[in-house]
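Report on one structure; see the data block that follows.
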Amino acid sequence: MIDNPITAMDLLDKLIEALPFPARLTPELQASLREQNHSGSIPTSRQVILLHYMGNEGGILCKLDLGPDVEKTAFVSITHLRFDARLPSAREITAYQKRRVKNLQRQPR
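If you count by our numbering, then the sequence shown holds residues 287 to 395, one letter each, in order.
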């Protein structure tokens, strides 16, 4: 099992209550979004405006507000975002991200 469903749902509930909140995009995510949108102007920080749990396989999915200059919507895994340490759930998010990445790496290929 990749996620602990109780922990994931508890975190999801807390994050939904905090919407919208800021997130920083990883350089890899920025590059991917640039390719998909054929735009050189993908900002480094954006607002998370919607969350959904995609089950054990997909984890917590975040919809980002990329602004009016970007043509496509971005739905990304929470593991591809970074959060300000002052965000009330920042430690829980970081723990979830680390646990999820570690468990994904353990999965058979």
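Backbone N, C-alpha and C define an ideal beta-carbon position, used for all residues, glycine too.
Taking buried to mean at least 16 other C-beta atoms within 10 Å of its own C-beta, is residue i buried or exposed?
i, result
"ALA304", "exposed"
"PHE361", "exposed"
"ARG386", "buried"
"ARG332", "buried"
"GLN383", "buried"
"ILE379", "buried"
By Cβ distance, which residues of its chain are closer than 8 angstroms to residue i, with the 5 residues on each side in sequence left out?
i, result
"VAL356", "LEU319, ASN323, SER325, SER327, ILE328"
"ASN342", "MET287, ILE288, ASP289, PRO291"
"ILE335", "LEU305, PRO306, LYS349, LEU350, ASP351"
"THR330", "ARG310, LEU311, GLN316"
Spatial neighbours of residue i within its chain, please: CB distance less than 6 angstroms, with the 5 preceding and 5 following residues excluded, ordered by chain position.
i, result
"ILE364", "ILE346, CYS348"
Continuous alpha helix (DSSP H) assignments of at least 4 residues falling wholly in the stretch 300-381 = Listed in chain order, they are 313-323, 341-344.
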